[in-house]
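Okay, so here's the structure we're looking at.
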Amino acid sequence: MFEDIERRLAELINTCEEPRLREAMLYSALSPGKRVRPRLLLSACEAAKGSYDATALDFACCLEMIHAYSLVHDDLPAMDDDDLRRGRPTTHKQYDEATAILAGDALLNHAYETMSRLCADFFRLRRPVVAMAIIAKAAGASGMIAGQALDLQCEGKKITLEDLKGIHKRKTGALFTAAMEAGAILGGGTRLFVQGMAKLGGMMGLAFQIRDDILDVVATHEQIGKTPGSDAKNEKVTYVSLLGLQKAEDTYKRLSHDVMALAHALPCKTGSLRELVAQIISREK
Ligand code: GRG
Numbered sequence: 622m623f624e625d626i627e628r629r630l631a632e633l634i635n636t637c638e639e640p641r642l643r644e645a646m647l648y649s650a651l652s653p654g655k656r657v658r659p660r661l662l663l664s665a666c667e668a669a670k671g672s673y674d675a676t677a678l679d680f681a682c683c684l685e686m687i688h689a690y691s692l693v694h695d696d697l698p699a700m701d702d703d704d705l706r707r708g709r710p711t712t713h714k715q716y717d718e719a720t721a722i723l724a725g726d727a728l729l730n731h732a733y734e735t736m737s738r739l740c741a742d743f744f745r746l747r748r749p750v751v752a753m754a755i756i757a758k759a760a761g762a763s764g765m766i767a768g769q770a771l772d773l774q775c776e777g778k779k780i781t782l783e784d785l786k787g788i789h790k791r792k793t794g795a796l797f798t799a800a801m802e803a804g805a806i807l808g809g810g811t812r813l814f815v816q817g818m819a820k821l822g823g824m825m826g827l828a829f830q831i832r833d834d835i836l837d838v839v840a841t842h843e844q845i846g847k848t849p850g851s852d853a854k855n856e857k858v859t860y861v862s863l864l865g866l867q868k869a870e871d872t873y874k875r876l877s878h879d880v881m882a883l884a885h886a887l888p889c890k891t892g893s894l895r896e897l898v899a900q901i902i903s904r905e906k
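Per our numbering, residue 622 is the first one in the sequence shown, and the count goes up by one each step.
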């Protein structure tokens, strides 16, 4: 699965014509990330249908392109101003700010161009259209971008745990939910199954982000491939800053337990999704 994603991601990006832009897109998208969201989409598809096909693989790569764009833009001086990502210089450090903005824009547009081509190819089937609408909404102004906007607006401010949960659910949870929902839809799952997978995605996204808040405090730069302490530097409100490290760890453990319980309750055709979910929520990097 991982190798399929790497190969297809490179193939899709290599169709872009402008050499420097293409190079910056490849640098940003193919740097050594965990590929969590595309693997979730493909595993959700397998859980519904038993296997995944070329359409699902392209959708998975589109989701990773959208994620890669969000990281490139998040690292820019105007946002979190980070120098390291995935153990390498961030895209604006490796190239320059203008190239990083354009590479992010291009990855985002390339994802939608690819998904709309798949919808056009399969215009008799509803599933790719529905999957694209779900991903677009999750990545957009009421999903990940809204989460990022709120995250920046709340820097240095006093907010409640409920407010923070709302930010995490949008900023991180939206793409996790979309990965699971779109994968289950592309695999032809029933409405009840799709709803269950979407719920699992949302819970997992929140657990993943709480773990991210914790790792920013306790992990090394070698471990996470970025500069730790960045949340404190940017005066971000996190589970750790609101609850303290111990309570944040307890919340994360409780949520992880609920995630695994739901993953086991869902009628999956293969065991690979449960394994991936367990691996993702116990992340050390
Ligand atoms: C710029 C629109 C826009 C959104 C940015 C993704 C994001 C929203 C910000 C990055 C900062 C951050 C901590 C976001 C929370 C989501 C998250 C944990 C991203 C990192 O995802 P991983 O761990 O990264 O899956 P890899 O490198 O493995 O792909």
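Think of the CB as a built atom: it goes at the ideal place given N, C-alpha and C, for glycine as much as any other residue.
In chain order, 828 place their CB closer than 6 Å to the CB of residue 876, counting only its own chain and leaving out the 5 sequence neighbours on each side. Runs of the alpha helix (DSSP H) lying entirely within the segment 643 to 682 and spanning at least 4 residues, in chain order: 657 to 670. By the C-beta criterion, the segment 660 to 671 is judged to be in contact with the segment 805 to 813, since at least 3 inter-stretch pairs fall below 8 Å. Residue 698 sits in coil when the DSSP states are folded into three classes, being neither helix nor strand. Under the three-state reduction of DSSP, residue 807 is assigned to helix. With a cutoff of 8 Å on beta-carbon distance, residue 639 and residue 659 are scored as not near each other. With a cutoff of 8 Å on beta-carbon distance, residue 711 and residue 717 are scored as not near each other. By alpha-carbon distance to residue 800, the top candidate from 786, 780, 821, 783 is 821. Between the alpha carbons of residue 738 and residue 682 lies a distance of about 14 Å. At a threshold of 7 Å, residue 765 counts as near the ligand GRG, since its beta carbon sits closer than that to one of the ligand's heavy atoms. Secondary structure remark: continuous alpha helix (DSSP H) runs of at least 4 residues inside the segment 822 to 905, in chain order: 842 to 845, 851 to 854, 860 to 864, 866 to 886, 893 to 902. Under the criterion of beta carbons closer than 8 Å, residue 649 and residue 693 qualify as touching, at roughly 5 Å. Look at residue 692: its beta carbon is less than 7 Å from one of the heavy atoms in the ligand GRG. By DSSP's assignment, residue 705 forms a beta bridge with 710. Residue 623 has its CB no nearer than 7 Å to any heavy atom of the ligand GRG. If you check the CB distance, residue 646 and residue 727 come in under 8 Å. The three-state secondary structure of residue 737, taken from DSSP, is helix.
Taken through DSSP and simplified to helix, strand or coil, residue 762 comes out as coil. DSSP, reduced to helix, strand and coil, places residue 746 outside both helices and strands of the structure shown, so it counts as coil. Excluding sequence positions up to five before and after residue 780, its CB lies within less than 6 Å of the CB of 858, all in the same chain and listed in chain order. Taking residue 676 as reference, the option from 746, 631, 721 with the minimal CA-CA separation is 746. Boundaries of the alpha helix (DSSP H) around residue 787: 782 to 789.
In this structure, residue 791 lies away from residue 904, with their beta-carbon atoms at least 8 Å apart. Relative to the ligand GRG, the nearest heavy atom lies less than 7 Å away from the CB of residue 700. In this structure, residue 795 places its C-beta atom within 8 Å of the C-beta atom of residue 768.
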